[in-house]
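Undergrad:
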Ligand code: SF4
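Numbering (our numbering), first residue to last: 5 to 312.
1) Give the DSSP-derived three-state secondary structure of residue 31 in the structure shown.
2) Evaluate residue 197 with the Cβ neighbour count: other Cβ atoms within 10 Å of its Cβ, from every protein chain shown; 16 or more gives buried, anything less gives exposed.
3) For residue 161, which of helix, strand or coil comes out of DSSP?
4) Within its chain, find whatever has a CB closer than 8 Å to the CB of residue 230; leave out the 5 residues flanking it on each side and keep chain order.
5) From which residue to which residue does the beta strand (DSSP E) around residue 249 run?
6) Expressed to the nearest angstrom, what Euclidean distance is found between the alpha-carbon atoms of residue 150 and residue 282?
7) Between the stretch 282-292 and the stretch 179-190, do three or more beta carbon pairs fall short of 8 Å?
8) Do residue 26 and the ligand ZN come close, with the Cβ less than 6 Å from some heavy atom?
9) Per DSSP, which one or two residues make a beta bridge with residue 188?
10) What would DSSP say about residue 283, mapped onto helix, strand or coil?
11) Could you check the C-alpha separation between residue 76 and residue 158 for me, to the nearest Å?
12) Quick one: give me the first and last residue of the alpha helix (DSSP H) that residue 134 is part of.
13) What does DSSP give as the partner residues of residue 313 in its beta bridges?
14) If residue 216 sits next to residue 248, beta carbons under 8 Å apart, how far is it from one beta carbon to the other, in whole angstroms?
15) Between 86, 53, 50, 116, which lies nearest to residue 19 when the distance is taken from Cα to Cα?
16) Measuring from the CB of residue 168, is there a heavy atom of the ligand SF4 at a distance below 6 Å?
17) Could you work out which residue in 93, 226, 116, 301 is closest to residue 21 when comparing CA atoms only?
18) For residue 98, report the span of its beta strand (DSSP E) as first-last.
19) May I ask which residues mark the beginning and end of the beta strand (DSSP E) holding residue 38?
20) What residue from 72, 68, 138 has the CA that sits closest to residue 100's CA?
21) What number of angstroms, rounded off, separates the C-alpha of residue 261 from the C-alpha of residue 181?
22) Using DSSP with H/G/I as helix, E/B as strand and the rest coil, what is residue 23?
23) Could you spell out the range, first to last residue, of the beta strand (DSSP E) harbouring residue 113?
24) Between the Cα of residue 110 and those of 96, 28, 49, 71, spot the shortest distance and give me the residue it belongs to.
25) Within 6 Å: the Cβ of residue 53 and any heavy atom of the ligand SF4?
26) With hydrogens ignored, establish whether the beta-carbon of residue 32 is closer than 6 Å to any heavy atom of the ligand SF4.
27) Give a yes or no on whether the C-beta atoms belonging to residue 4 and residue 177 are separated by under 7 Å.
28) Check residue 261 in the structure and name its three-state DSSP category.
Structural data, given as structure tokens:
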């Protein structure tokens, strides 16, 4: 399953399997759980539910690799309907996935997880599986990775929805050798102070931060000030930032006598209600994902190594 995607920060989605178990508040309205393939194939979700193997995955990945060669540029690919470090997935499946990564050097695999703490244990298990197979490339990739040498075509990211999850997952993330480390702060459900990770360490430990408010049924509110703060924290240390969407229920509290800019259409501030000082954005785009509707300050869409 290789698919063009509406996710603006990658070129395609490629899922080795589908299915997962919820682990934290950010999972509450998991997009993958209700997406079309999950409903169409009646794939179960949660602890004990069998994951659904995507049989066409390896062939689709090799096709994407050839396409990248033809285009003469690397393609960013992202498994969007699973967590690649899901402990309920058979080690043999993960070994197959790593083998495909080793066979597709023209792709950048954006591997996002909410389970960075299991990376080493999973890789040790995968190395054991690969030792019994005849695929030296995959074995050497994992063996070198465990020894501290990051694969050239893997970016490692963690999802962070609030400060508690930042404190949990950031220390684990920085222990994983990676060419590029990134954060997906989506759905953002609280303010984040990332300064320790972005500035206190002598070398920034993260090269890219993606930000997004929640969308879809039951979307939780997102304070535009949380997003603005992350943009400022990244800019202060020249870490690339990508604002994906402000969310279906974006608001601004900190008016303090000045106009609060969240959404601007035709130069006019739009809001549908005021509750005290709270102003809610009223978007045409259901996810608050059209940057044309945003105030200038939110229009930041950078990639690692490419800052605007
Ligand atoms: S970790 Fe990701 S894929 Fe898994 S349940 Fe949570 S949001 Fe969904």
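Virtual Cβ for every residue (Gly too), placed ideally from N, Cα, C.
TA: Here's the rundown:
1) helix
2) exposed
3) strand
4) 192, 194, 195, 196
5) 244-249
6) 49 Å
7) no
8) Only the ligand SF4 can be found as ligands here, which leaves the ligand ZN out of the picture.
9) 163, 214
10) strand
11) 18 Å
12) 123-135
13) Nothing about residue 313 can be reported from this structure: the residues present for the chain run from 5 to 312 only.
14) 4 Å
15) 86
16) no
17) 93
18) Per DSSP, residue 98 belongs to no beta strand (DSSP E); it is in the alpha helix (DSSP H), 95-106.
19) Run containing residue 38: none; DSSP gives neither H nor E here.
20) 138
21) For residue 261, the pLDDT reaches just 48, beneath the cut-off of 50, and the residue's location in the model is therefore unreliable, leaving the point undetermined.
22) strand
23) 111-117
24) 71
25) no
26) no
27) The structure shown has nothing for residue 4, since the chain only spans 5 to 312.
28) In this prediction, residue 261 scores a pLDDT of 48, lower than 50, which makes its location untrustworthy; the coordinate-derived value is nonetheless stated afterwards. Coil.
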